[in-house]
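Asks:
2 protein chains.
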Amino acid sequence: MQDSELSVAEAGESGALRRVLARLSPARAARLGPGDDCAVLAFDGDAVVTTDTMIEGPDFRLAWHSGFDLGWKLAATNLSDVAAMGAAPTALTVSLACHERTPVALLEEIAAGLDAACRELAPGCGVVGGDLGRAPVLVVSATALGELGGRAPVLRSGARPGDVVAYAGYLGLAGLGLSLLFRESADPDGAAHAGGLARLRERHPVELAAQLAPKPPIAAGVLASAAGATAMMDVSDSLSLDAARLARASGAILDLASGRLERGFSVQRGVRVPLPAMLTGGEDHGLLATFPRDAALPEGFVVIGEVRAATAEAPELRLDGAPCRPGGWDPYTVRPPGS
Amino acid sequence: MQDSELSVAEAGESGALRRVLARLSPARAARLGPGDDCAVLAFDGDAVVTTDTMIEGPDFRLAWHSGFDLGWKLAATNLSDVAAMGAAPTALTVSLACHERTPVALLEEIAAGLDAACRELAPGCGVVGGDLGRAPVLVVSATALGELGGRAPVLRSGARPGDVVAYAGYLGLAGLGLSLLFRESADPDGAAHAGGLARLRERHPVELAAQLAPKPPIAAGVLASAAGATAMMDVSDSLSLDAARLARASGAILDLASGRLERGFSVQRGVRVPLPAMLTGGEDHGLLATFPRDAALPEGFVVIGEVRAATAEAPELRLDGAPCRPGGWDPYTVRPPGS
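Heads up: the protein sequence lines correspond to chains A and B, in order.
Just so you know, the UniProt record's numbering puts 191 at position 191 of the first sequence, and the rest follows in order with no gaps.
Just so you know, the UniProt record's numbering puts 77 at position 77 of the second sequence, and the rest follows in order with no gaps.
(1) Out of A/Leu254, A/Leu223 and A/Pro161, point me to the one whose CA is closest to A/Val154's CA.
(2) Which of the three DSSP states, helix, strand or coil, is assigned to A/Glu306?
(3) For A/Glu147, list the residues DSSP reports as bridge partners.
(4) Would you say B/Leu246 and B/Ala231 are within 8 Å of each other, going by their C-beta atoms?
(5) Using a Cβ cut-off of 7 Å, pull out every chain B residue sitting near A/Asp163, in sequence order please.
(6) Under a Cβ-count criterion, where at least 16 other Cβ atoms within 10 Å of its own Cβ denotes burial, should A/Ser339 be classed as buried or exposed?
(7) Name the chain B residues that come within less than 7 Å of A/Pro153, Cβ to Cβ?
(8) Answer yes or no: do A/Gly146 and A/Val235 have a C-beta to C-beta separation smaller than 8 Å?
(9) Only counting the same chain, and skipping five residues up and downstream in sequence, which positions put a Cβ closer than 6 Å to that of A/Met1?
(10) Taking Cβ positions only, does B/Thr333 come closer than 8 Å to chain A?
(11) Looking only at C-alpha atoms, which of A/Cys98, A/Val94, A/Glu100 and A/Asp131 sits nearest to A/Gly113?
(12) Indicate whether A/Ala83 and A/Gly221 have their beta-carbon atoms separated by less than 8 Å.
(13) Can you check whether the C-beta of B/Pro336 is within less than 8 Å of a C-beta belonging to chain A?
(14) Mind checking which residues open and close the beta strand (DSSP E) that includes B/Phe60?
(15) Closer than 7 Å by beta-carbon distance: list the chain B residues that pair up with A/Thr51, in chain order.
(16) Where does B/Asp131 sit, in a helix, a strand or coil, going by DSSP?
(17) So with CB distances below 9 Å, who are the chain B contacts of A/Asp189?
(18) Is B/Arg335 helix, strand or coil when you go by DSSP?
(19) Does B/Leu76 have its Cβ less than 8 Å from a Cβ in chain A?
(20) Taking Cβ to Cβ, would you say B/Val139 is nearer than 8 Å to B/Thr53?
(21) Could you work out which residues of chain B lie near residue 341 of chain A, taking near to mean beta carbons separated by less than 7 Å?
(22) At which residues does the alpha helix (DSSP H) containing B/Arg18 begin and terminate?
(23) Check whether the stretch 186–198 of chain A touches the stretch 269–288 of chain A, counting contact only when three or more Cβ pairs, one atom from each stretch, lie closer than 8 Å.
(24) Is A/Val165 helix, strand or coil by DSSP?
(25) Mapping DSSP to helix, strand and coil, what is B/Gly177?
(26) Does the distance from the C-beta atom of A/Gly327 to that of A/Ser225 stay below 8 Å?
(27) By a C-beta neighbour count over all protein chains shown, 10 Å radius and 16 as the cutoff for buried, is A/Val267 buried or exposed?
(28) Mark B/Arg183 as exposed unless 16 or more other C-beta atoms lie within 10 angstroms of its C-beta, in which case mark it buried.
(29) Which residue spans inside the stretch 221–303 of chain B form an unbroken beta strand (DSSP E) run of at least 3?
(30) CA-CA distance, B/Pro161 and B/Ala252?
(31) Under a three-way DSSP split, which group does B/Asp115 fall into?
(32) Mind checking B/Ser250: buried by the 16 CB within 10 Å criterion, or exposed?
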């Protein structure tokens with residue numbers, strides 16, 4: 001049997017782990033990496049921690065996601081939550097559960113994707129520990145840690161009337177990628193297949209990369225904090241859903257300007273993105289932040305609106321001054337088309 | 001519809017989360033708890049981090065485990081890995097994924113069990129953040145953080161010839177509980193049912209509690225470190241498997257004495273535990289540690305053997321001087337009886 005075909009059942013837990021660990025680079029903050037009951041991390045001041053899980057079926061499909069892309073996306077989504085606090089990611093722990101017939105090679109690819117995403121998006125950060133288990137579908141879960149370097153965390157609740165609203169990262173591209181995949185690489189009932197995938201990747205490389213292996217602007221989180229961001233969050237579900245959350249948390253009105261959104265984001269990497277896709281597409285993991293009007297915005301942030309007082313009115317999201325009904329992703333109530 | 005019957009699909013992600021979060025007490029170290037992109041934690045020196053996942057099917061069965069027990073066990077297994085480094089647990093993050101028809105009440109029970117285990121086993125520690133997703137089976141995953149309080153971490157690799165081997169906690173009880181459940185509360189093909197469960201709980205409360213909601217000696221980890229433990233680990237797979245790992249990591253021979261094991265553990269909480277059950281039963285999550293011969297062992301630790309040099313011989317586990325073939329739990333190669 002070829003080594004590339006060996007299943008986790010055949011390799012056993014420790015055999016599979018050995019091959020997975022070989023794909024990982026050490027984290028700078030790790031005094032002790034994987035292999036003991038815990039990893040040991042050096043911390044400089046307060047730490048931030050977040051966790052995010054992706055499950056085969058609702059969150060990803062192996063017909064579309066390579067192991068590498070999946071590992072990359074798992075890292076990216078967790079790192080962006082750390083960035084959204086104004087912190088620098090230092091370490092990830094990862095839990096993988098899979099069917100016993102899963103090739104160890106797939107787990108190795110996931111590890112390689114995790115490692116590459118850390119190296120590119122958050123140099124110095126790395127996987128310091130994990131867990132391997134058995135499940136009927138592939139479940140990949142990560143917890144990310146970061147350090148604030150003495151700065152206060154940037155919360156969702158700090159937006160103040162008069163602040164500008166700004167966004168860094170892609171906006172709507174990942175959602176367009178998902179729509180393309182469902183339209184051209186799935187059965188009418190929504191079941192993913194790899195049939196049209198190669199052609200789709202050729203015709204729409206930007207949207208597919210944004211969906212399958214997003215590159216959120218991780219370093220922009222620390223820069224935003226240093227520039228005086230009053231509130232910040234990672235846009236994972238959609239701009240409209242997440243901006244409405246930031247508005248409620250801050251007790252303010254966030255008024256987005258369609259003209260600014262269109263000037264800033266209607267063409268991204270050569271792809272035309274319509275306004276509704278910017279507002280309802282999820283999974284870009286860009287940073288939504290508010291800044292004092294006189295702040296010098298860090299590179300990458302584009303002003304998309306302003307914060308207004310919610311005095312006699314309820315805190316909410318508006319678009320060009322009118323109430324904007326949020327739309328986007330809820331794992332239990334929103335379904336991909338056809339499912 | 002009764003509130004207790006509401007499913008996560010009906011409650012939606014934020015509705016379900018609100019009810020789950022209401023069951024949690026704040027962690028002492030949390031400067032910011034759940035609700036933002038990350039939690040913020042105060043750390044006093046180096047941190048330890050570990051992760052452990054439990055999946056419906058291979059790791060637990062809802063016919064046997066109440067939500068409360070499941071949450072308790074998830075906390076206990078993660079806290080014991082922190083204790084095994086000689087650290088004090090400070091915070092947990094938890095990821096729950098379930099079918100959309102799962103009652104929110106089950107998730108609330110899991111949260112209540114997590115919270116109760118933290119309060120009883122590691123006061124001050126608590127859940128600081130999490131994630132809720134959709135999966136075909138229930139997947140519960142936790143990451144635990146702890147602080148070393150200025151002490152060096154106790155690794156698996158520090159056992160030295162001349163040290164004594166000691167163990168704190170129950171030994172074999174959880175494994176006996178699992179055997180009883182498979183014998184009396186499962187179909188011949190291994191499928192769990194709740195049929196004989198009430199009677200089993202009445203006749204074997206100790207073994208069942210040890211399996212379903214274990215109480216590992218979390219505080220003993222810090223005490224062992226302070227008493228000079230040279231090596232330590234949490235016994236999750238079995239004493240023989242984990243002691244063999246500690247022997248290999250330390251490059252030494254661990255020689256367990258059956259007489260000492262029997263004197264210390266043949267009757268636990270009134271239950272007779274045979275030697276093979278002590279050696280191969282998993283999931284007690286007690287602490288296996290080595291100490292210098294002249295160390296004053298902390299309360300709860302019982303000497304069960306000694307460390308010898310592996311000079312001309314391979315590092316390995318022995319029982320009464322003879323090689324001891326380890327047996328226990330590997331999620332991919334070991335199956336419960338009948339499965």
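We put the CB at the ideal spot given by N, CA and C, even for glycine.
Owing to the predicted nature of the structure, the values given are computational and were not obtained by experimental measurement.
Replies: According to the data block:
(1) Ranked by Cα distance from A/Val154, the options A/Leu254, A/Leu223 and A/Pro161 are led by A/Leu223.
(2) strand
(3) A/Ala47 and A/Ala88
(4) Yes; because the gap between Cβ atoms is below 8 Å, this pair is in contact.
(5) What A/Asp163 touches in chain B: nothing, since even the nearest Cβ is about 18 Å away.
(6) Confidence at A/Ser339 is low in this model, with a pLDDT of 36, below 50, so its placement is unreliable and no value can be given for it.
(7) Leu32 and Val40
(8) no
(9) In this prediction, A/Met1 scores a pLDDT of 49, lower than 50, which makes its location untrustworthy; no coordinate-derived value is stated.
(10) Unreliable placement is indicated for B/Thr333, whose pLDDT of 47 sits below 50; the coordinate value is still reported in the next sentence. It does; some Cβ of chain A falls within 8 Å.
(11) A/Val94
(12) yes
(13) Reliability of the predicted coordinates at B/Pro336 is poor, the pLDDT of 43 falling under 50, and the value obtained from them is presented with this limitation in mind. Answer no: the Cβ-Cβ gap between B/Pro336 and chain A never drops below 8 Å.
(14) Where B/Phe60 is concerned, there is no enclosing beta strand (DSSP E), given that its DSSP letter is neither H nor E.
(15) Thr93, Ser95, Gly129, Gly130, Asp131 and Thr143
(16) Reduced to three states, the DSSP call for B/Asp131 is strand.
(17) Those do not exist, as A/Asp189 stays about 17 Å from chain B at its closest Cβ, beyond 9 Å.
(18) Residue confidence is low: B/Arg335 scores 44 on pLDDT, short of 50, so the model does not pin down where it sits. Its coordinate-derived value is still stated next. Looking at B/Arg335 - three-state DSSP - the assignment turns out to be coil, as it is neither helix nor strand.
(19) According to the sequence provided, residue 76 of chain B is Ala. The question's Leu does not apply to it. No, no contact with chain A.
(20) yes
(21) An answer regarding residue 341 of chain A cannot be provided, because it is not within the stretch 1 to 339 covered by chain A.
(22) Val8 to Leu21
(23) no
(24) Residue state, collapsed to three classes: strand.
(25) helix
(26) no
(27) exposed
(28) B/Arg183 is exposed by the Cβ-count criterion.
(29) 231–235, 252–256 and 286–291
(30) Whole-angstrom Cα-Cα distance: 7 Å.
(31) helix
(32) buried
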